[in-house]
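Undergrad: Pasting a structure here, questions to come.
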Amino acid sequence: MIVDLLYGLPADGPDVGMTLADVLGTVLVGPALETLLMTLILVLIAKFTDRIFLSACFCAFIFSVLHSMSYPLWGMFTFMPFVVFGVAFQVWRQSSPKVGFTIAFLIHALHNSYVLLVGMLGQ
Numbered sequence: 239m240i241v242d243l244l245y246g247l248p249a250d251g252p253d254v255g256m257t258l259a260d261v262l263g264t265v266l267v268g269p270a271l272e273t274l275l276m277t278l279i280l281v282l283i284a285k286f287t288d289r290i291f292l293s294a295c296f297c298a299f300i301f302s303v304l305h306s307m308s309y310p311l312w313g314m315f316t317f318m319p320f321v322v323f324g325v326a327f328q329v330w331r332q333s334s335p336k337v338g339f340t341i342a343f344l345i346h347a348l349h350n351s352y353v354l355l356v357g358m359l360g361q
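In the working numbering, the protein residues as written are 239 to 361.
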């Protein structure tokens, strides 16, 4: 893995030649749908435990497995961001579920924007 980071990641990732619709899907639609699904999973997990970090890690594991089905490396690289999204949602949800969703969505959209930009600059 360290060799891959030093010499570039393997070519099994997605093609970054994207249309405007692809960019909007990656930055807005995808994060909105994934954040919605994440909030539903976290609300379900909250019925069994009130431990925020544990819940976020379990939910992140689910999303890592789902992302690995598309591209194996994505699963590894999506775990920590989803822990952050999950913790943010749960902390801000105490203020309001709508605020919790909005904060998690904005962090997710910003993260995807950064990844997309790095991917496009790397081409």
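We put the CB at the ideal spot given by N, CA and C, even for glycine.
Under 8 angstroms between the Cβ atoms of Val267 and Ser351?
TA: Position 29 of the sequence shown, counted from the first residue, corresponds to residue 267. Position 113 of the sequence shown, counted from the first residue, corresponds to residue 351. No, the pair does not count as a contact, with Cβ atoms beyond the cut-off.
Undergrad: Decide if Gly360 is buried, meaning its Cβ has at least 16 other Cβ atoms within 10 Å, or exposed.
TA: Locating residue 360 in the sequence shown gives position 122, where the first residue counts as 1. Label assigned to Gly360: exposed.
Undergrad: CB Ile279 to CB Cys297, shorter than 8 angstroms?
TA: As a working mapping, residue 279 is identified with position 41 in the sequence shown. As a working mapping, residue 297 is identified with position 59 in the sequence shown. Against a cut-off of 8 angstroms, the Cβ pair of Cys297 and Ile279 comes out as a contact.
Undergrad: For the putative contact between Ile290 and Val329, defined by C-beta atoms under 8 angstroms, what is the C-beta separation to the nearest angstrom?
TA: On the sequence shown, residue 290 is found 52 positions in, with the first residue counted as 1. On the sequence shown, residue 329 is found 91 positions in, with the first residue counted as 1. Going by Cβ atoms, the distance from Ile290 to Val329 rounds to 7 angstroms, so yes, they are a contact pair.
Undergrad: Less than 8 angstroms separating the beta-carbons of Phe317 and Met276?
TA: Residue numbering aside, residue 317 sits at position 79 when the sequence shown is read from its first letter. Residue numbering aside, residue 276 sits at position 38 when the sequence shown is read from its first letter. No. Outside cutoff.
Undergrad: How long is the line joining the alpha carbons of Asp288 and Val261, rounded to whole angstroms?
TA: Residue mapping note: residue 288 aligns to position 50 of the sequence shown, counting from 1. Residue mapping note: residue 261 aligns to position 23 of the sequence shown, counting from 1. Approximately 36 angstroms, taken between the alpha carbons.
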